[in-house]
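Residue numbers for the sequence shown follow my numbering, beginning at 1 and rising by one. Structure, as structure tokens:
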Amino acid sequence: MASATNLRKSAKRRASTAISLALAASMGLAACGSSDEGKSDATGLTGTCGTVPSKGLKDTSGVIKKLGSEYVSAYDGYPKTVEASPWADWKPSGPGPYTVGLSIQEPNNPYLQTLTTALKEALANAENVGEVKTVQAPLGSTAAQLQQINQLVQEKVDLLVVVPNSPDALAAAADKAAKQNIPTIAFVNVTPSRNVINIAENTYKNAANAAAQMAKNIGGKGKILAVHALPSVSLDKETFAGWRAAWDQCPGITVDDSPIGEFNPPVAKTQVSTYLGSHPQKVAASAQVATMGAAVISAFEQSGRPVPPMVDMSASVGSLAYWKAHKAELKSVAIVDGPKASSEATGRVVALMLAGHGPKVTDLVSSLPVVTGQNLDDYVPAGAKEDDLAPAELPSGSFLPDSYLRKLFN
């Protein structure tokens, strides 16, 4: 398992990733409570323990409901209203190949380094793309990114792909680009503009699906120690809302969400260790919002407490490797959402649009498979080490797969 030394060495690297993840939190939900018995905005949903009660979706387009149960389920609980896309009938001007403008944050941490490489490769390999003009703004520098986007528009790129520093600021820039007949695709951070085509995971549904499986694994009873990342950001809020939606159906489950790990493994380890030192009661399961799985495991080990099964969101290679090594005794669950598969999906969206297929809706959304003991081996790379804090990756083509994506386009 990752040692305290390895975790300290990773602090600076993961803190940068934390900033990036916080910037990705653009979809607001009501914050959930922090007491043992606190309830989320999912209170009132009805279902049985081990199931995910439907929260519904906001679909003014009418498209999602017409596509059937697979899509309704994937969008269930998605916080943003899904609208009819103004780009439904868009086609690129003139013959290809076409130029794509890519605006991304400077890759100053491993997550962004992987994301940048994967996005460039996916776009370069997309059919009908001739050139990818890439600009990189400092992390958090909204003004610099907007200036670069405006320059790409002035250079008359055919389409924009943006990982926004500020989704609200991008909305205004995308509206300006739309006046020049240039669509904007937002990747990672959901942007509140009809003129933006958002490629998004359904964080709420991912969390609810994983939590429901964990409820089954622990027999619907026991204390769950749920580790916040940052309670103020939407990624954290959506994750906890999804967890609560499932666990609120189980009278025998209580949740303590007092530890706050700040997306930072050393902080998470300290928080969990402190909790365990003052709470000798049995922990039936743990849960963490993102990137902190290895630290939570390490805290239990070094406290001399049994490592419980975990709801491991945004799982790392190391936390999955630990689980694989202890699969006989751990009934954990995980959600994997590394940047490679979602970059590939972005390339497929670009290819569809440049081929003249416009998106029917503003938001292209998918929930992710729950990793269980039965499919764990599919997500652990060969030679994986337990101290590897890199994000675990989905199998190629599994996020917004072609068969699913194509029905969202004309």
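Where a beta carbon is used, it is the ideal one built from N, C-alpha and C, also for glycine.
Within the DSSP secondary-structure output, Pro-167 pairs in no beta bridge. By the criterion of at least three beta-carbon pairs nearer than 8 Å, the region 330-350 is in contact with the region 110-128. The beta-carbon distance between Val-272 and Val-227, rounded to whole angstroms, is 6 Å. This is short enough to meet the 8 Å contact definition. DSSP lists no beta-bridge partner residue for Ile-297. Per DSSP, the beta bridge partners of Asp-312 are Gln-288 and Ala-334. For secondary structure counted as the alpha helix (DSSP H) over 4 or more consecutive residues, the region 311-385 holds these complete runs in sequence order: 317-325 and 339-354. The shortest CA-to-CA distance from Trp-243 to any of Thr-291, Asn-206 and Asp-337 is the one to Asn-206. For Val-135, the enclosing beta strand (DSSP E) begins and ends at 129-137. Nearest in C-alpha terms to Ala-88, of all of Val-370, Val-380, Met-353 and Asp-236, is Met-353. Uninterrupted beta strand (DSSP E) stretches at least 3 residues long and entirely within the region 72-159 occur at 98-105 and 129-137, given in chain order.
Straight through space, the alpha carbons of Lys-407 and Val-163 are spaced by roughly 24 Å. In this structure, the CA atom of Glu-83 is about 28 Å from the CA atom of Gln-105. Annotation: Ala-299 to Val-370 spans about 24 Å, alpha carbon to alpha carbon. Measuring C-alpha to C-alpha distances from Ser-93 to each of Lys-80, Ile-182, Ser-193 and Lys-66 identifies Ile-182 as the nearest. Rounded to whole angstroms, the gap between the alpha carbons of Asp-168 and Ala-382 is 41 Å.
When DSSP states are grouped into helix, strand and coil, Asn-181 belongs to the coil group.
By the criterion of a C-beta distance shorter than 8 Å, Gly-358 is surrounded in its chain by Ser-85, Trp-87, Ala-88, Asp-89, Trp-90, Lys-91, Phe-409 and Asn-410, once the five residues flanking it on both sides are discounted. By the neighbour-count criterion, in which 16 or more other beta carbons inside 10 Å mark a residue as buried, Asn-150 falls on the exposed side. The three-state reading of DSSP puts Asn-198 in strand, counting E and B together.
If you look at Gly-68, you'll find it isn't in any alpha helix (DSSP H); DSSP assigns it neither H nor E. Secondary structure at Thr-254: strand, using DSSP grouped into helix, strand and coil. Following the DSSP letters along the chain, one finds Ala-226 inside the beta strand (DSSP E) bounded by residues 221-227. Fewer than three pairs of CB atoms, one per stretch, sit closer than 8 Å, so the region 185-196 makes no contact with the region 318-327. In this structure, the alpha-carbon of Gln-148 lies about 8 Å from that of Gln-136. The DSSP-derived three-state label of Pro-280 is coil. Assigned with DSSP and collapsed to three states, Asp-236 falls in helix. Judged by DSSP in its simplified three-state form, Ala-390 adopts coil rather than helix or strand. If you check the CB distance, Leu-235 and Pro-259 do not come in under 8 Å.
Under the Cβ criterion (8 Å, minimum of three pairs), the region 308-320 does not count as touching the region 58-67. Pro-306 has its alpha-carbon roughly 29 Å from the corresponding atom of Thr-203. Around the beta-carbon of Lys-156, fewer than 16 other beta-carbon atoms lie within 10 Å, marking it exposed. Between the alpha carbons of Pro-339 and Leu-368 lies a distance of about 13 Å. Only residues of its own chain outside the window of five on either side were considered, and among them Leu-146 and Ile-149 have a CB closer than 6 Å to the CB of Ala-173, listed in chain order. C-alpha of Asn-195 to C-alpha of Leu-160: approximately 11 Å in a straight line. With a cutoff of 8 Å on beta-carbon distance, Ala-268 and Ala-295 are scored as near each other.
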